[in-house]
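This report refers to the structure that appears directly beneath it.
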Amino acid sequence: MRFDEKLIHLRKKNMLSQESLAEKLNVTRQTVSKWELGQTKPDMDKLVEMSKLFDVSVNDLTDDNVFLESAEEKNINKKENKSNNGGNRKIILYILIIIFIASVTTLSYRIASSIKEKKDAIKEEIKKEKEKQEKKQQEMEEEFKEQQENIQNKIEESKKNAAKDDFNRSYEFWSGTQTSAIVSKIIDDAITNNKKNNEHLIEFMFDGTSYGTDANNIKNIKNSLKDFNGHEIQFYEISLDYDGNGYVNKITIETM
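Residue numbers (the working numbering): 5 to 260.
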């Protein structure tokens, strides 16, 4: 498993955006993006910080022969083994309790005057113990159900964050100072999105004028783009705005 795949897996598992991870590591979002695209690799200092942040050894991060999923499964198996060992101790404890009750019962039979009293006491004790165990079992089942629901909620949240990151990635990659060719590409991508994705429409602003989200209006921006300003290359500054759910919903283009 390559480092870039591990970084994407760990970032999404910990529900971090590229911006959030970049902030924690004191780097730019573009640096994180290049790591995840496999274009560059972090230095040892950043690997150590990632190791602490994700609770993974540096060797597990850098060794392509290590699969994070396998390491997680081993941790789960260790926890299950600990749980099984705890269950065995409980079984031994229950056996000892049963042996004790049996000894008391045998002794009670030898005392004729208290046979019935002792039998009733034992029955009552067993009944209470059974009720106690049933209550404990019910509590454990409810706790397990709650844990499963929490896990499912985290999975759903992770899927939503992954979808949002995937939607934003292409626009965020080209934000900043760009040529007219790059601006045209972003416009084409946004037009394609607005035709197919009514849920996350993107509005365009060009030099202070809003062109809305309609494809035909946005196309008009391309007619105003220039490759050169005299003998100099014409550059444009691209900035992004986001809606309340974190999706890019507005692209502003300013002629430099």
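For glycine and all other residues, C-beta sits at the position ideal for the given N, C-alpha and C.
Just so we're clear, the structure is a prediction, and the values are computed from it rather than from any experiment.
Check, Outcome
"Met209 beta carbon less than 9 angstroms from that of Thr257", "The amino acid occupying residue 257 in the given sequence is Ile; Thr does not appear at that position. Yes, these two residues count as a Cβ contact at 9 angstroms."
"Lys45: CB within 8 angstroms of a non-hydrogen atom of the ligand MG", "The ligand MG is absent from the structure shown, which contains no ligands of any kind."
"Euclidean distance between Cα positions of Glu241 and Asp47", "31 angstroms"
"Residue ranges of each alpha helix (DSSP H) within the region 25-65, 4 or longer", "33-41, 48-58"
"Meets three-Cβ-pair contact criterion under 8 angstroms: the region 212-223 and the region 188-200", "yes"
"DSSP state of Ile237 mapped onto helix, strand, coil", "strand"
"Cβ neighbour criterion (16 or more within 10 Å) applied to Met54", "buried"
"Simplified DSSP assignment, three categories, for Met209", "strand"
"Closest Cα partner of Ile95 within the set Val70, Gln137, Asp169", "Gln137"
"Distance between beta carbons of Tyr251 and Asn172, contact taken as under 8 angstroms", "7 angstroms"
"When Leu20, Thr66, Glu129 are compared against Phe104, the one with the closest alpha-carbon", "Glu129"
"When Leu41, Ala219, Val36 are compared against Lys50, the one with the closest alpha-carbon", "Val36"
"Beta carbon of Asp231 nearer than 9 angstroms to that of Ala185", "yes"
"Nearest to Thr213 (by Cα), restricted to the options Lys28, Tyr113, Tyr175, Thr259", "Thr259"
"Spatial neighbours of Ser228 in its chain, beta-carbon cut-off 6 angstroms, leaving aside the 5 residues before and after", "none"
"Segment limits, alpha helix (DSSP H) that includes Glu258", "Looking at the DSSP string, Glu258 is not in any alpha helix (DSSP H); the run it does join, the beta strand (DSSP E), is 252-259."
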